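Residue numbers (the working numbering): 44 to 564. Idealized CB from N, CA, C, for every residue including glycine. Only a predicted model underlies this, so the values are computations on that prediction, with no experimental measurement involved.
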Amino acid sequence: MIKLRLTPYASTVWTWNGHRYLTADGMSEIAPYEHPLVEHVAVTDGNHTLLVVRERVVGRGTYDPAPRSVTSGEFEEARTLAEQWPTDYVFVETAPGDPCRVTAGPGGITPLYVAHDRASLHGSWDMADLAEHTAGLSPREVARLLIYRPRYSTETVFRGIHRVTERTTAIYGGHLHLHHPEPVLHSGPRELAPDADVLGTFVEAMDDALDLRPIDRVETVLHLTGGFDSGTVGTRLAERYPGRFPTAALLIAGPGRAHQIRRRSEIIRALPFAEPDHLIDALEYAPLSPECARVTGEKISPYEEPLHRPFAKLTEVLVDHGARAVVTGLGGDEMVALSQTEYPHRSMGEISDALPWIGDRARAALEFADDGIAPPAAVNSMTLLSLETTAPVLMRAGIWPVHPFADPGMVQLGEWLPMHWRELKQLQRRRLASLGLSPDVTESRERESFAEVVQHTLTTIARPLFAKMLHDGSPLFDEKLVDPDGLGMAVRRLSEKPYREDGDAQLLEVLDLHFAAQSFL
44 MIKLRLTPYA STVWTWNGHR YLTADGMSEI APYEHPLVEH VAVTDGNHTL LVVRERVVGR
104 GTYDPAPRSV TSGEFEEART LAEQWPTDYV FVETAPGDPC RVTAGPGGIT PLYVAHDRAS
164 LHGSWDMADL AEHTAGLSPR EVARLLIYRP RYSTETVFRG IHRVTERTTA IYGGHLHLHH
224 PEPVLHSGPR ELAPDADVLG TFVEAMDDAL DLRPIDRVET VLHLTGGFDS GTVGTRLAER
284 YPGRFPTAAL LIAGPGRAHQ IRRRSEIIRA LPFAEPDHLI DALEYAPLSP ECARVTGEKI
344 SPYEEPLHRP FAKLTEVLVD HGARAVVTGL GGDEMVALSQ TEYPHRSMGE ISDALPWIGD
404 RARAALEFAD DGIAPPAAVN SMTLLSLETT APVLMRAGIW PVHPFADPGM VQLGEWLPMH
464 WRELKQLQRR RLASLGLSPD VTESRERESF AEVVQHTLTT IARPLFAKML HDGSPLFDEK
524 LVDPDGLGMA VRRLSEKPYR EDGDAQLLEV LDLHFAAQSF L
């Protein structure tokens with residue numbers, strides 16, 4: 044949402060030049076993301092200046108982006124009101140003689156990374172912009188990703204680059220301090236009234252989330268995978284805006300492919316979506332193929348979409364057709380997730396002998412894997428991490444992401460629902476059934492995932508990549524985060540024995556991290 048360079052204790056007189064905010068001495072600048080769904084405003088009382096970049100909201104007027112002079116009282120009121128903005132935002136605050144402050148909003152729609160040198164704080168939604176500030180690898184964070192145990196924290200794979208987590212303030216005055224917010228309190232399931240209209244309330248909450256942003260004013264595409272989450276959001280928009288929104292998806296491989304095509308076709312026939320339907324075969328544009336940005340040496344964050352090549356190709360197609368926004372179903376899993384009490388389950392990411400490539404430093408660091416994580420947010424931490432994978436690819440192409448299931452109202456509704464409405468996504472299933480869709484759509488037990496695409500990548504495309512990595516070396520080896528002997532054994536097993544999804548699929552993360560470390564370091 045924002046790119047910046049801030050130099051504290053320097054000029055705090057800001058001007059707007061039509062594309063960015065600049066200080067009179069040229070030592071600080073702020074570049075808001077330019078998009079019809081994003082706006083920016085600034086106020087100053089002659090001493091303090093507040094610059095806000097935020098998502099546009101329906102029913103609010105447009106504002107002159109140039110800094111507006113206000114009284115001290117009006118300044119404080121403006122700041123208070125800005126914190127109550129109903130969608131996501133980023134604040135920047137400066138004052139003469141004070142450290143500069145950058146605060147992330149509560150939505151996590153776009154990531155915000157910061158780094159600093161001796162003079163200035165640098166920030167961006169694109170981690171590649173901060174590559175020159177990297178100072179090596181973080182063993183703990185690399186280890187988390189290697190075993191698929193991600194944690195939402197200010198720590199990133201690269202020492203020197205920090206994530207500004209939701210509602211956190213980065214304070215810089217020569218040293219960087221990341222100030223965490225108070226945790227958001229959550230509640231559990233409630234008992235339903237005898238006449239409770241759960242589906243009606245669900246639709247109202249979905250409408251409230253969709254109506255916040257003026258997506259009907261820009262070319263918007265619905266990410267319609269055929270699954271329950273994107274299907275629920277997409278069908279609601281098609282109901283409300285007949286013939287307005289086209290659809291798009293990546294086609295999976297394996298046994299679930301035919302089922303995905305069949306389910307999507309039924310959904311599209313049943314409701315008034317617009318044409319065309321943009322489909323990209325993920326197998327045809329497989330991850331880590333020679334054209335993949337990771338393989339060609341581009342600086343791609345390790346947090347970006349793991350299936351980068353097919354996702355980037357779909358984004359290219361959408362841009363060619365004029366898309367400026369994409370509505371997704373991200374966050375639907377977490378909205379109706381069951382708790383450990385309701386459904387005891389093993390936590391994600393457990394080291395076993397099936398991951399022989401985990402290096403000694405990574406194994407040691409995992410003792411502290413749950414340290415330093417961000418306080419609870421309104422939105423589930425796994426949803427926030429998922430949003431972070433999606434945004435940079437879309438934003439580089441000029442497309443803004445919209446995720447209704449990540450709306451706090453939707454999240455709260457999910458928390459309040461009894462287990463029988465959340466188990467196996469009954470909420471989404473019953474909503475789709477109410478539209479007259481068949482059990483083939485609403486009662487599906489067929490797994491639809493990219494597991495077969497990952498398998499194809501690892502058993503074909505990845506072999507020469509692993510061979511080159513083992514021959515030439517890797518920063519992951521140098522830091523003892525990946526054990527080359529263990530990796531060699533796993534790669535040999537991959538070519539000589541049947542593929543195991545649990546134990547082999549994690550090798551994709553090894554290559555993603557390897558390419559990121561090579562390009563950033």
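Item	Value
Could you give the first and the last residue of the continuous beta strand (DSSP E) run that contains ASP39?	The structure shown does not extend to residue 39, since the chain is modelled only from 44 through 564, so no value can be given for it.
From LEU294 to PRO349, what does the alpha carbon distance come to, in whole angstroms?	15 Å
In whole angstroms, what separates the C-alpha of GLY203 from that of PHE354?	28 Å
Applying the criterion that 16 or more other CB atoms from any shown protein chain within 10 Å of the CB defines a buried residue, is THR502 buried or exposed?	exposed
By Cβ distance below 6 Å, which residues in the same chain neighbour VAL96 in space, the five residues on each side in sequence not counted?	MET44, ILE45, PRO75, HIS83, VAL133
Answer yes or no: does any C-beta atom of chain D fall closer than 8 Å to that of PHE558?	Within the model displayed, chain D is absent; a lone protein chain is all it includes.
Which term fits TYR156, buried or exposed, when burial requires 16 or more other beta carbons within 10 angstroms of its beta carbon?	buried
Is the distance from the Cβ of ASP88 to the Cβ of THR114 below 8 Å?	yes
Using three-state DSSP, classify GLY452 as helix, strand or coil.	helix
Distance, Cα to Cα, GLY546 vs TRP443?	35 Å
Tell me whether PHE411 sits in a helix, a strand or coil according to DSSP, three-state version.	helix
So, with DSSP's three-state summary, where would you put ILE504?	helix
Here's the rule I'm using: 16 or more other beta-carbon atoms within 10 Å means buried, otherwise exposed. How should THR123 be labelled?	exposed
Can you look up VAL484 in the DSSP assignment and give me helix, strand or coil?	helix
For LEU381, count neighbouring C-beta atoms within 10 Å of its own C-beta (all shown protein chains included) and say buried if the count is 16 or more, exposed if not.	exposed
State yes or no: is the C-beta of ARG337 within less than 8 Å of the C-beta of PHE558?	yes
Under a three-way DSSP split, which group does ALA147 fall into?	strand
Return the Cβ separation of HIS364 and HIS321 in integer angstroms, given the expectation that the two are a contact with Cβ distance under 8 Å.	7 Å
Over what stretch of residues does the beta strand (DSSP E) that includes VAL370 continue unbroken?	368-370
When the Cα atoms are used, what is the spatial distance from VAL525 to GLN471?	41 Å
Considering Cα atoms alone, identify which of THR197, GLU491, GLY452 is closest to HIS220.	THR197
Since SER230 and TRP459 should fall inside the 8 Å C-beta cutoff, what is the C-beta to C-beta distance between them, to a whole number of angstroms?	7 Å
Report yes or no: do the segment 309-323 and the segment 481-491 share at least 3 C-beta pairs separated by less than 8 Å?	yes
Pull up the DSSP beta-bridge partners for VAL264, would you.	VAL369
Between PRO330 and PRO289, which are expected to be in contact by the criterion C-beta below 8 Å, what is the C-beta distance as a whole number of angstroms?	The pair is not a contact, with the Cβ atoms about 25 Å apart (cut-off 8 Å).
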